[in-house]
Amino acid sequence: MKKLILLLLLIPQLVISQNSWFNLEVQFDYYAPSESFALITQAGDTLVNYQPTTPFEFYQTLVYADSGEIEVSLFDSYGDGWAGGPGN
56 MKKLILLLLL
66 IPQLVISQNS
76 WFNLEVQFDY
86 YAPSESFALI
96 TQAGDTLVNY
106 QPTTPFEFYQ
116 TLVYADSGEI
126 EVSLFDSYGD
136 GWAGGPGN
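Under our numbering, the first residue of the sequence shown is numbered 56, with each subsequent residue one higher.
1. Ordered along the chain, which non-local residues of its own chain (more than five positions away) have a Cβ less than 6 Å from that of PHE77?
2. Which residue marks the beginning of the beta strand (DSSP E) containing THR109, and which one marks its end?
3. Going by beta-carbon coordinates alone, are ALA87 and THR109 separated by less than 8 Å?
4. For GLY123, which residues from the same chain have a beta carbon less than 6 Å from its beta carbon, with the 5 sequence-adjacent residues on both sides left out?
5. Are TYR85 and PHE111 closer than 8 Å when you measure CB to CB?
6. Given that a residue counts as buried once 16 or more other Cβ atoms are within 10 Å of its Cβ, and exposed if not, what is GLU90?
7. Taking the alpha-carbon positions, what's the SER75 to ASP121 distance?
8. For TYR133, collect the residues of the same chain with a Cβ closer than 8 Å to its Cβ; drop the 5 residues on either side in sequence, then sort them by chain order.
9. Could you tell me if PHE92 is buried or exposed, where buried requires 16 or more neighbouring beta carbons within 10 angstroms of its beta carbon?
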């Protein structure tokens, strides 16, 4: 019983250790398999690194991170960039 109580006391500490979160949603276009992105913290830790496998894929996840700036890097293996729509 003492071990269970100790474990229950530690769980909030583990959950609170990262004090920020956000919902990340990315909608890819037809050329999604040639695109990818990464979210990187100030300390250089990778929070998310994702490359879709199908056109028009929708990616959603909760990202837990400490407060601070996060770098978003967008990659395109074809070389024409991430299209924003017709004419862009």
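Just so it is clear, CB atoms sit at the ideal spot from N, CA and C, and this is done for glycine as well.
Per the coordinate set shown:
1. By one-based count along the sequence shown, residue 77 stands at place 22. Answer for PHE77: VAL118, listed in chain order.
2. Sequence index remark: in the sequence shown, residue 109 carries index 54 (1-based). Careful: THR109 lies outside any beta strand (DSSP E) and carries neither H nor E.
3. On the sequence shown, position 32 is the one that residue 87 refers to. On the sequence shown, position 54 is the one that residue 109 refers to. The answer is yes: Cβ separation under 8 Å.
4. The sequence position of residue 123 within the sequence shown is 68, counting from 1. Correct list, in chain order: GLN97.
5. As a position in the sequence shown, residue 85 is number 30, starting the count at 1. As a position in the sequence shown, residue 111 is number 56, starting the count at 1. Going by C-beta atoms, TYR85 is nearer than 8 Å to PHE111.
6. As a first step, residue 90 is located in the sequence shown; it is residue number 35 there, counting from the start. With 16 or more other Cβ atoms from the protein chains shown falling within 10 Å of its own Cβ, GLU90 counts as buried.
7. Walking along the sequence shown from the start, residue 75 turns up at place 20. Walking along the sequence shown from the start, residue 121 turns up at place 66. Going by the C-alpha atoms only, they are around 5 Å apart.
8. The sequence position of residue 133 within the sequence shown is 78, counting from 1. Excluding positions up to five away in sequence, the list reads TYR86 and SER89.
9. The residue given as residue 92 occupies position 37 in the sequence shown. Label assigned to PHE92: buried.
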